[in-house]
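Residue numbers (UniProt numbering): 1 to 709. Beta carbons are placed, not taken as given, at the ideal position from N, Cα and C, and that holds for glycine.
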Amino acid sequence: MSEVCGPADVTQSDRSVPDQSQAPEPAVSPDLRCPSAAQTMTEPISRNDLEMTNVIANPMVTSQPDPATNGSNQQGGSTVSFHNICYTVQLKRDLSCQGRCRRTEREILVDLNGIMKPGLNAILGPTGCGKSSFLDILAARKDPSGLSGEVLIDGAPQPPNFKCLSGYVVQDDVVMGALTVRQNLRFSAALRLPKSVPQREKEARVNHLITELGLAHVADSRVGTELNRGISGGEKKRTSIGMELIMDPAVLFLDEPTTGLDASTACTVLLLLKRMAEKGKTIILSIHQPRYSIYRLFDSLTLMVSGKMVYHGPAQSALVHFNKIGYQCDSNDNPADFFLDVINGNFTAVTSPPVNRREVLDFDAISRARQNIKEHLLTEYIKAEDFSTTKAELERIIKDKATVPRPKSRTVTYNSPFFHQLRWVVWRTLLNLMLQPQIWLAPLGVNIFLSLLVGAVFFGVKDDQSGLQNRTGALFFVTVHQCFSTVAAAELFIKERKLFIHEYISGYYRVSVYFLAKMLSDITLRSIVISVFSCIVYFMIGFKSTPENFSIFLLTLLLVSYTATALTVAVSADQNVVSVANILMSMCFVVMMLFSGLLVNLPSVIVGLSWVKYLSIPRYGFTALKINEFVGLIFCEDTVTHNGTTSSILANCTMSVRGLTCTGEQHLEYQGINYSDWGLWQNHVALMVMTILFQSVAYLKLRFIKKFS
Ligand SMILES: Nc1ncnc2c1ncn2[C@@H]1O[C@H](COP(=O)(O)OP(=O)(O)OP(=O)(O)O)[C@@H](O)[C@H]1O
Ligand SMILES: [Mg+2]
């Protein structure tokens, strides 16, 4: 590996500038030593050479025909041309302006024109120059507001679902960490290939990709999460690339595929991409500062500075162009470093325009000189031959394109029907849960502990005045506990936001599928935990022991939990930070708790505030649980014994007598609770209506959150 990607073995004589008339052939040396710049720029590489370097770089990679496609019907690459691309963003108004200053705009990309053909196309530039923004625009993943110009694919407007047809590997790998490499690729194959493709063929494609990407030795290893270390960074990157390659896209975009990788791993990834480019794919990648062994793989190079292009053309001609305009690359220097040095005004690399010693220490002078260099580069590029050639080609493309209508909107298209997607997303969500037992073991453990604690505190409630107080306290606690334990649901959609957005815009599944799968898995998990909690609490405390009463108790707690979860999800669906959602939810539940019916006598609350009780989830739960438990109970056993006859006692047993409440019904009446059948079930109806309402809000929020960068 290190032989292939080792430092450039370049001598002074090797670094002669090649003849500009040379054809822009792909440039990888057949020699396993890093070749000289002159060799690199003039010697075309044969397919065998590339495969040989790749096999040596990765012994697991072979060049056998694709079993999934019989090696014959691989999709070729497309030509991506971009015309007058400008992109501006509105900057938020400065608060210090106090409304006096106007909204400011910032130009991110300025009038970009060019063509990316099948091959390895690199976008190079210093940090913040607009590489990622440009890549997003080419891949149709940028918010269209502020964007002008046109991107054509093979001379025709981008299809509205271009995002789903092309591959895009984001900078931070977004793959499900708990799953294995094979399971991730299988998921991608199931949803991104048409349903008509037989399962056997999908499996063959997954296996082939695993071999092709050199992942055979980690195919059944987990990718890795924050808690469990998984495969290496390079293997993860290759898995991300595999997720996109599964559908054999004509164009593959990659945003900084070498970020976070060591030099030799980065080189392996690039060799893999080069090999795909050799097969005719159009690979467009942004890269910050590649080493020479990577730089020499590029077929076309786009150099950017402050959102403008200062070079766009064959990678082999870039040095010639810079030489022509007065910047000579040192023979030992890496061309990529040299370009960045020139762009950044690093004076050791720049021989023209000259700068004297004093200016080197003067920051204003440095800044002025940098600006001059940028302007110089821009003017010179416009005069260059490459620019004229590109311009002529772009004009021809525009002329031929005239008859093709422009699509109106961007859409996401899917390769599989709703239930197929649902089955796979539910499968993945449950598998993710199974493989990370801490996700469900922690709440289960906490609930078992709490149920035992509460069971012990209220153990064996009696039918006397203490029983009245203990029942009320226990029912209040279990209701409020169900509400507060749903606060953790805030991260349901926040934690996986990046993964969801990436998969949704790439056409894996519909928003509704993802939403349903997440809610179904959450509800299943929650129901199991609540059932265990209820069984322990109910029988330890000694609530009414009929199956009917227990069922109503369990149903009420489940409904309270579903409603509170729905509210949490509705509040958090469009949030980006879990802590903000947690604070909001805790505040909501505290207010609701106040109006639950224990802390304040609800009939006595002032009219202006009494409506809040209708929004209180715990009130509905607490009321239903109290009706379920209190109706039919008598709390005056002592008095019965004391006075001798039951009938005389019940007659005396009013709230006014000795300050005691003798029957459950009296207690409920005092609380203003209607304990009829409808009085009980209306609480469940209210909870169900609220659940549907909050779930709808959560779904709509998820549907309409900003999905473009
Ligand atoms: N929505 C936005 N609002 C404000 N500024 C933005 C926005 N999008 C991009 N920018 C700015 O545009 C410039 C280019 O951003 P971009 O992410 O494209 O740069 P980059 O070349 O990819 O940088 P890096 O190499 O660090 O990834 C940056 O200065 C960035 O702050
Ligand atoms: Mg970037």
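Since residue i contacts residue j with CB under 8 Å, what's their CB separation in whole angstroms?
i	j	result
ASP173	LYS236	5 Å
GLY155	LYS401	5 Å
PHE694	THR563	7 Å
GLY77	LYS374	32 Å between Cβ atoms; not a contact.
ASP299	GLY119	3 Å
residue 717	ARG238	Absent from the model: residue 717. The displayed extent of the chain is 1 to 709, so no value can be given.
GLY455	MET540	3 Å
residue 710	LEU209	Nothing can be reported for residue 710, as the shown portion of the chain is limited to 1 through 709.
LEU598	PHE635	About 17 Å separates the two Cβ atoms, so there is no contact after all.
ILE705	TYR675	Actually they do not touch by this definition, with Cβ atoms about 44 Å apart.
ALA570	ALA698	4 Å
Rounding to the nearest angstrom, what Cα-Cα distance links residue i and residue j in this structure?
i	j	result
PHE630	ASP464	12 Å
ASN228	ARG296	37 Å
SER572	ASN332	55 Å
PHE553	THR479	10 Å
SER232	THR265	10 Å
PRO437	VAL577	24 Å
LEU378	VAL175	40 Å
THR127	SER306	9 Å
LYS399	ILE494	46 Å
PHE419	SER579	34 Å
LEU431	ILE137	35 Å
LYS707	GLY313	32 Å
GLY345	ASN372	9 Å
GLY260	GLU395	40 Å
LEU680	ARG526	23 Å
VAL689	ARG703	21 Å
MET519	MET243	25 Å
GLN469	ALA624	17 Å
LYS498	TYR87	23 Å
HIS667	THR661	6 Å
LEU303	VAL251	20 Å
GLU203	LEU193	11 Å
residue 715	ALA189	With the chain covering only 1 through 709, there is no way to say anything about residue 715.
GLU496	GLY224	15 Å
VAL607	ARG141	52 Å
HIS684	LEU559	7 Å
LEU340	GLY149	27 Å
GLU393	ILE115	8 Å
VAL412	PHE515	17 Å
PHE589	PRO160	44 Å
State buried or exposed for residue i, treating a residue as buried only when at least 16 other CB atoms are found within 10 Å of its CB.
i	result
TRP424	buried
THR565	buried
CYS329	buried
ALA442	exposed
HIS321	buried
VAL80	buried
ILE617	buried
THR268	buried
THR691	buried
PRO198	exposed
GLY460	exposed
LYS274	buried
Near residue i, which residues of its chain fall below 7 Å by C-beta distance, leaving aside the five closest residues on each side in sequence?
i	result
SER286	ILE123, LYS131, SER132, LEU135, ASP255 and GLU256
LEU112	PHE82, ILE85, PHE134 and MET309
SER534	PHE553, LEU554 and LEU557
residue 717	It is not possible to answer for residue 717, since the shown part of the chain is limited to 1 through 709.
PHE187	TRP424 and ARG428
VAL487	THR568, ASN582, MET585 and SER586
Within the same chain, show all residues whose beta-carbon is closer than 8 Å to that of residue i, passing over the 5 residues directly before and after it, in chain order.
i	result
residue 711	Residue 711 is absent from the structure shown; the chain starts at 1 and stops at 709.
VAL89	GLU105, ARG106, ILE108 and GLY146
SER656	Summary for SER656: the model assigns pLDDT 43, below 50, so the residue's position carries little reliability; its value from the coordinates is reported in the next sentence. Taken in chain order, the list of residues that qualify is empty.
residue 712	No statement about residue 712 is possible, as the shown extent of the chain runs from 1 to 709 and does not include it.
Please return the same chain residues whose Cβ sits closer than 6 Å to the Cβ of residue i, not counting the five positions on each side in sequence.
i	result
ALA686	TYR620
PHE543	GLU629
PHE602	The sequence given here has Leu at residue 602, not Phe. If we look at LEU602 and ignore the five residues flanking it on each side, its Cβ neighbours are LYS613 and GLY672.
SER451	PHE533, ILE536 and VAL537
ILE325	GLU380
PHE253	LEU135, ALA139, TYR168 and ILE284
Any heavy atom of ligand 2 nearer than 7 Å to the CB - residues listed: LYS131, SER132, GLN171, ASP255, GLU256 and SER286
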